[in-house]
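Those letters in the sequence shown? Residues 0 to 886, by this note's numbering.
Backbone N, C-alpha and C fix where the C-beta goes; we use that ideal spot for every residue, glycine too.
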Amino acid sequence: MQVKIITEFKALANQKQITGKNSYYKMNWHTSPTDAILNELQSNMDGLPDDEAAKRIQQYGPNQLQEKKKRPAWMLFAMQFKDVMILILMVAAIVSGFVGDVKDAIVILIIIIINAVVGFVQEFRAEKAIDALKELSAALVRVRRNKQVKQIPATEVVPGDIVLFEAGDMVGADVRIVESHALKIEEASLTGESQAVDKSPRALQDEEAPLGDRTNMAYKSTLVTAGNGTGIVVATGMETEIGKIAGMLQEKEPATPLQQRLADFSKKLSFVVLGICVVLYGIGIFLRGQDPLNMLLTTISLAVAAIPEALPAVITIALALGAKKLVRKNALIRKLPAVETLGSVTYICTDKTGTLTQNQMTVQEIWQVEKFNLAIPGISTNQALLLLMSLNHDAQKDHTDNNKRKGDPTEVALVQYALQQEAYDDKWEQAFPREQELPFDSDRKLMTTVHKANDQFLVVTKGALESILKICKNADAEPITARSNQLAETGQRVIAYSCKLVQQLPKEEDQTVLESDQDFCGLAGMIDPPRPEARQAIAACRTAGIVPVLITGDHPVTAGAIARDMGILKSRDDRTVTGAELAKFSDEDLDNNITHIKVYARVSPQQKLRIVKALQKKEQFVAMTGDGVNDAPALKRANIGVAMGITGTDVSKEAADMILLDDNFATIVKAVEEGRRIYDNIRKFIRYVLACNFAEILTIFMAPVVGLPIPLLPIHILWINLVTDSLPGLALAGEKADTHIMQRPPRNPGEGIFSQGLGFYTIWVGVLMAAVTLIMQAWAIHVGDAHWQTMVFTVLCFSQMAQAQVSRSEYEYIYRMGIFTNRPLVGAIALTTILQIAIIYLPVLNRIFNTAPLTITELGFSVLVSAITFHAVELEKFLKRRSGKVN
């Protein structure tokens, strides 16, 4: 889509000069000073009052791009008649009515309309289910209103809002930047340039500056890759720069791989069925002497019933409803194919903090190097590390309790520890105001803040020990590293601190000099307790044939201790590798070792991408978790990219296939189980429908071949198709998971539709149902039973209901599962049975369907014959179990 946007945008730019103005206001935002912009937008830096924001959303509308016009309900209904065979059948029915068989023509048309209504309801439900998922994944934006920072849906942002953004956020509207700290924004979605642009609040001189040169503007749908900033919203919705080309952004939702395979299969099957119908038409007319118009109706009815053209639509419903169910389990599916492919996952590469642990960091102990002197009046030697901990953070005061902080759990734990110490003075933050900062990023593994300290400036840096040691002068690394290892061996995460005093601040473009020539101060060791359910989830992974892998920024000793405790490191062959070691691996080395490495410590986001590629090269199906900006490439490359819903950035969420709403590893395992259940149920539906359709084709085709009359009328064929393909089929999509679903290896994602015996099952069950029906027809005709056609009609209908029951599991006996445990299916079978009985015994329906009331003996015999399918499939399950093919 991105290439399309860029190409179309450039085409649009050639047609007209984009001035930076919009229809709300007449101002060049990028050349105007902040005060003038605030005045024009009637706003201020405290933010809009809530009532004013409500007025503006009424005035300007929601902050969203126009979507492609949805098909109205009447068009959705009309499209149910687009199939050529349906149209031919309708024409043939109308011709039949004019010839004189009005009753049959009316009934056929009614059944066609009922089929269309069922199809319409299914597609309408699918669209609604997908729309609901889109609403759940709506982005949030941080704004300042009434002097309070709050998160609101991006659609509620209005011109004049004060918005705050940081690395990882997606810009929610067109914004004039008024404050920035090392801010970089990637604008590839708008300009085509992948290089992130440095941003600052300075007003520009050139009124005609192109978008890419407006360094004081942030545009909707662009990505903040570094730093943070504050800005004023100047345009929303269709008035944004991206909104001006919104009409070019419409793109059809791609079909899932399974839908594509089924659509291709349906096309091929159509040619086969049409060939059979042509042969059947010839046999009926030339060998059996049937009426040509009646044979035309019969063969077309068979084609309509036998071609499963509704399969892709039903699968869309199953996937969408499955995705909705996953939301209730705290897994938000962003891309529908992910539901289908979850069951194929063989590796789960997971972060630790918050995913395997509770994300409730607690500082266990701190360690300061001896004789460290900060040389700041009023700060004693033993207060130095506490001072650094209290200054270098972005945690905010909790307005409900001044003794608490909120924000990143690691920073909150560090500040909270300092707050609890008697030596800590709560006024330090005011005494040493922040002047500059270098925000944390995953490449440097450092965060630096600069504070005014009397007539000097105190530079404070915290981060990974290895990174801190690199920027320190004269640090004795050996005892420092030994002390860090002691903390790590107990499972503690170690944060290192260093600092220096400078006489003047560097220019913004020279800020990197801050992270050099520092003095090492000390360490803080903290622990994040494991989630109670994490060990059980990891054990479930192993039972299901899934390999859990830990990828963490922690020290390798800490990572190894936690992995052993969790059950990730189990055997002697399992290895822990650091990012530094991984960097030295050639591709061949990594290929040879990748299946033995279970823990990656201190790795970069680029290395996460390399790990994914290496596993995929080994034909592994990888789920990868991530929450940062730089995790996006790995998430996108993974077969299932999993973003964190609580701590994840907008960028990571955009790249992901699935979002964990609770950031919990156990939720991934639940999602995999649910994905397996959904795919299994789709297979059950396919097995059921194809076996039934094949039985109908064989029954109608083989009857004249073996010298029997055509066994069913067109009305009968269409009726059976209506009652079998709709309610019972959909009820199978809601079947509970098999008891052993997480005790079998993952499914091969490349397997065909008819793999694992589905093709063989379709053939033998279809042959069995057809044979039973034809044998009963031959017997009834032989003994002179005048009701033979009604019996054939009933046997085929009831056989397919029996087939619906046994299709609930490929392995479990129905008696063990419980016949009544799938209530929707029981209801569908009961309704079909009642309707079929009504067709047999109600005189008005006898006349419509050309049926005759059966005697109790005939009805009982028909039911017994129909049960043969049920018991035959159950016998097959028994033989499978006995042969050891099923656990």
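**Reduced DSSP category for residue 252 - H, G, I as helix; E, B as strand; rest coil** = Residue confidence is low: residue 252 scores 49 on pLDDT, short of 50, so the model does not pin down where it sits. Its coordinate-derived value is still stated next. Three-state DSSP puts residue 252 in coil, outside helix and strand.
**Message:** Excluding the 5 residues flanking residue 734 on each side, which residues of the same chain have their C-beta closer than 7 Å to its C-beta?
**Reply:** 680, 683, 807 and 821
**Message:** Which residue marks the beginning of the alpha helix (DSSP H) containing residue 728, and which one marks its end?
**Reply:** 726-731
**Item:** C-beta atoms of residue 631 and residue 603 nearer than 8 Å
**Value:** no
**Nearest-angstrom Cα separation, counted from residue 288 out to residue 779** = 22 Å
**Through-space distance from residue 541 to residue 343, alpha-carbon basis** = 14 Å
**Item:** Segment limits, alpha helix (DSSP H) that includes residue 604
**Value:** 604-616
**Request:** Report yes if the C-beta distance between residue 466 and residue 499 is below 8 Å; otherwise report no.
**Result:** no
**Helix, strand or coil at residue 403 according to DSSP, with G and I counted as helix** = strand
**Asked** Roughly how many whole angstroms lie between the Cα atoms of residue 636 and residue 627?
**Response** 15 Å
**Asked** Does DSSP put residue 132 in a helix, a strand or coil?
**Response** Because the pLDDT at residue 132 is just 47, under 50, the model does not fix this residue reliably, and the value given afterwards should be weighed accordingly. Helix at residue 132.
**Request:** Say whether the segment 357-374 touches the segment 682-697, bearing in mind that this needs 3 or more beta-carbon pairs closer than 8 Å, one atom from each stretch.
**Result:** no
**Request:** Decide yes or no for the touch test of the segment 511-528 against the segment 580-595: beta carbon pairs closer than 8 Å, at least 3 of them.
**Result:** no
**Given residue 712 as reference, the closest of 56, 668 and 791 once Cα atoms are compared** = 791
**DSSP three-state assignment for residue 169, whether helix, strand or coil** = strand
**Prompt:** Would residue 62 pass as a contact of residue 236 if the rule is Cβ separation under 8 Å?
**Reply:** yes
**Request:** Return the chain-ordered ranges of every beta strand (DSSP E) run that is complete within the segment 490-521 and spans a minimum of 3 residues.
**Result:** 492-501
**Message:** Tell me the rounded alpha-carbon separation between residue 217 and residue 335.
**Reply:** 31 Å
**Asked** Does the separation of the CB atoms of residue 491 and residue 557 fall below 8 Å?
**Response** yes
**Proximity to residue 825 [Cα-Cα], best of 879, 727, 769 and 848** = 727
**Item:** residue 504 versus residue 456 - alpha carbon distance
**Value:** 7 Å
**Asked** For the ligand MG, any of its heavy atoms closer than 7 Å to the Cβ of residue 211?
**Response** With respect to the ligand MG, the structure shown offers nothing to examine, as it has no ligands at all.
**Asked** What residues are listed by DSSP as bridge partners for residue 366?
**Response** 522
**Request:** Could you give the DSSP three-state label for residue 889: helix, strand or coil?
**Result:** Look at the range of the chain in this structure, 0 to 886, and you will see that residue 889 is not part of it.
**Prompt:** Which residues mark the beginning and the end of the alpha helix (DSSP H) in which residue 691 is found?
**Reply:** 664-704
**Selection from 858, 54 and 28 that minimises the alpha carbon distance to residue 204** = 28
**Request:** Work out the CA separation of residue 494 and residue 590 for me, nearest whole Å.
**Result:** 33 Å
**Message:** Tell me the rounded alpha-carbon separation between residue 132 and residue 706.
**Reply:** In this predicted model, residue 132 has a pLDDT of only 47, less than 50, meaning its place in the structure is not dependable; the value taken from the coordinates is given anyway. Taking the straight line from one Cα to the other gives about 55 Å.
**Message:** Using the three-state DSSP reduction, which class does residue 62 fall into: helix, strand or coil?
**Reply:** coil
**Request:** Taking residue 703 and residue 316 to be in contact with their CB atoms under 8 Å, please state how far apart those CB atoms are, rounded to whole angstroms.
**Result:** Going by Cβ atoms, the distance from residue 703 to residue 316 rounds to 37 Å, so no, they are not a contact pair.
**Request:** Would you list the one or two residues that DSSP bridges to residue 719?
**Result:** DSSP, once it has assigned bridges, lists no residue as partnering residue 719.
**Request:** Tell whether a beta-carbon distance below 8 Å holds between residue 341 and residue 732.
**Result:** no
**Prompt:** According to DSSP, what are the bridge partners of residue 642?
**Reply:** 625 and 658
**Item:** Proximity to residue 221 [Cα-Cα], best of 861, 185, 339 and 232
**Value:** 185
**Asked** Between the beta-carbon of residue 420 and the beta-carbon of residue 404, is there less than 8 Å?
**Response** no
**Request:** Enumerate in chain order the residues of its own chain whose CB-to-CB distance from residue 273 is below 8 Å, with the five nearest sequence positions on each side excluded.
**Result:** 302
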